[in-house]
């Protein structure tokens, strides 16, 4: 399956392939919509990266906390 950036690129290619001119009202609309979709896809990609980094960070903290609990309370 395509990721969001590839889908936006595909849509951009469709609009170009259909010969829709950017100087028409419809062309301006399509280009603007695709630009917004491109911005949204980029933002989502950045959020996914940040979320993955945070998940790794939280897992590390959880492991460290488990080690501390074992030291303080002993292994059960």
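In the working numbering, the protein residues as written are 5 to 80. The C-beta atom is built at its ideal place from N, Cα and C for all residues, glycine as well. This structure is a prediction, so every number in the text was calculated from the model and none was measured.
In the same chain as residue 15, and ignoring 5 residues on each side of it, the C-beta atoms closer than 6 Å to its own belong to 38, in chain order.
Taking C-beta separations shorter than 6 Å and ignoring five residues to either side along the sequence, the partners of residue 19 in its chain run 34, following chain order. Taking a 10 Å sphere around the C-beta of residue 12, we find 16 or more other C-beta atoms and assign the residue as buried. Between residue 36 and residue 9, the CB-CB gap reaches or exceeds 9 Å.
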